[in-house]
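Student:
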Amino acid sequence: MFRWVIGAAVVAAAAMIGAATPGMPAASTSLSCPAGTYQGSSGDCVPGPDNSDSNVTAVCRDGSHSHSEHRRGTCSGHGGVAQWCPCTFTSQHGYWTQAAGISSTSGAVVRRDGIPSLAMPHQIVVAGAIISGSTVLVAQRLRPPELAGRWELPGGKVAHGETERVALARELAEELGLNVNDITVGDRLGADIPLSGGTILRAYRVCLLGGEPYPRDHLALRWVTADQLDDVDWVPADRGWLHDLARVL
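Letter by letter, the sequence shown follows residues -19 to -1, 1 to 230 of mature numbering (1 follows the signal peptide of the UniProt record, and there is no 0).
1) Tell me which same chain residues have a C-beta within less than 8 Å of the C-beta of R122, skipping the five on either side of it?
2) Near S113, which residues of its chain fall below 6 Å by C-beta distance, leaving aside the five closest residues on each side in sequence?
3) Which partner residues of G109 appear in the DSSP bridge assignment?
4) Run through DSSP, which three-state label would G142 get?
5) What first and last residue would you give for the beta strand (DSSP E) that runs through D168?
6) Is A154 helix, strand or coil when you go by DSSP?
7) What residue range is occupied by the uninterrupted beta strand (DSSP E) comprising V117?
8) Tell me the rounded alpha-carbon separation between E145 and I105.
9) Contact defined as beta carbons within less than 8 Å: I believe Y185 pairs with D168. What is the distance between those atoms, to the nearest angstrom?
10) Quick check on DSSP: helix, strand or coil for R228?
11) How many whole angstroms separate the CB atoms of L189 and V166, which I take to be in contact at a CB cut-off of 8 Å?
12) Helix, strand or coil for V161? Go by DSSP, reduced to three states.
13) What's the call for R52, buried or exposed, on a 16-neighbour Cβ count within 10 Å?
14) What span of residues does the beta strand (DSSP E) with L202 cover, start to end?
15) Can you tell me the Cβ-Cβ gap for L170 and W222, rounded? I've got them flagged as a contact below 8 Å.
16) Got a sec: is the Cβ-Cβ distance from G158 to anything in chain D below 7 Å?
17) Classify G192 as helix, strand or coil using the three-state DSSP reduction.
18) I'd like to confirm the pairing. Which residues does DSSP put opposite G136 in its beta bridges?
19) Quick one: using the 10 Å Cβ neighbour count with 16 as the cut-off for buried, is E193 buried or exposed?
20) Exposed or buried, what is G136 when buried is set at 16 or more other beta-carbons lying within 10 Å of its beta-carbon?
21) Looking at V119 and R183, is the spacing between their C-beta atoms short of 7 Å?
22) For R124, name the three-state secondary structure that DSSP assigns.
23) Expressed to the nearest angstrom, what Euclidean distance is found between the alpha-carbon atoms of H103 and G178?
24) Would you call the CB atoms of G191 and L153 closer than 7 Å?
25) Taking Cβ to Cβ, would you say A218 is nearer than 7 Å to I181?
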């Protein structure tokens, strides 16, 4: 997994150069970089996200939005850069920005549009669909006895004062031996699943920026494809997401 940080100064600089010589044709504001590269601050094509999509809305790390061409975005803070995570499942352009799950000072979840959503009055249990390529990570339960040996999407309870995305990143870090900063929680997956006692089970798509998951709180981990989903001995609740998982794999 890689993290791509893309600046926006190239367009303005190229335009100034093109206008500096009277009588000469204006210089092009961007290179035609091949797929898998983008025009870096040096003006050269450097390894990076596919630039084939010319209209991309960047969500910046401070929550501001900016229009970008060829994946060069400008933001109001944090050095004026937008950041992309090379996941293949979230945004319509094939990339998801790390800022989508930032939390507000009130503790409410902040949506992509920056509008805080109201806290749910029930106990929320969050589960993460960690997707890599065309596979999803599933974890084999260690307990309780009636569920031991069955498979699930890893996750846990949202603690008081936590946002759902923050809670899921924390739980995944604890259960899978990961650094919480390497976990990016993206969009919702499927519908809520009601459990006993007013508890609600809710799934999110997850991207790992680094680290290698290992079973700290499970019997085993495995990566499964869409064709293998029906063969997994799922915990009953998680079977409700099989159609959604098959659709995104």
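Heads up, the beta-carbon is just placed ideally off N, CA and C, and yes, glycines get one too.
Tutor: A quick look at the data gives this:
1) Around R122: L128, A129, G130, R131, W132, E133, H199, L200 and V216.
2) Closer than 6 Å at the Cβ level, and outside the excluded window around S113, lies no residue.
3) According to DSSP, which records beta bridges pairwise, G109 is partnered with Y185.
4) In this structure, G142 counts as coil in the three-state DSSP scheme.
5) Per DSSP, D168 belongs to the beta strand (DSSP E) from I164 to P175.
6) In the displayed model, A154 falls within a helix according to three-state DSSP.
7) First-last of the beta strand (DSSP E) with V117: T116 to Q121.
8) Their backbone Cα atoms lie some 8 Å apart in a straight line.
9) Beta-carbon to beta-carbon, Y185 and D168 are separated by about 7 Å, close enough to satisfy the 8 Å threshold.
10) Here R228 sits in helix by DSSP.
11) For a cut-off of 8 Å, the C-beta gap from L189 to V166 is around 11 Å, too long to register as a contact.
12) Three-state result, V161: helix.
13) Its pLDDT being 35, under 50, R52 is placed unreliably in this model, and the coordinates cannot settle the point.
14) Counting along the chain, the beta strand (DSSP E) containing L202 begins and ends at A201 to T206.
15) Beta-carbon to beta-carbon, L170 and W222 are separated by about 6 Å, close enough to satisfy the 8 Å threshold.
16) In summary, chain D is missing from the structure at hand, where a single protein chain is found.
17) Looking at G192 - three-state DSSP - the assignment turns out to be coil, as it is neither helix nor strand.
18) Note: G136 sits in a beta bridge opposite A108.
19) Residue burial annotation: E193 is exposed, with fewer than 16 other C-beta atoms found within 10 angstroms of its C-beta.
20) G136 is buried by the Cβ-count criterion.
21) Contact flag unset, no.
22) Under the three-state reduction of DSSP output, R124 falls in the coil class, being neither helix nor strand.
23) Linking H103 to G178 through their CA atoms gives a straight-line distance of about 9 Å.
24) No.
25) No. Outside cutoff.
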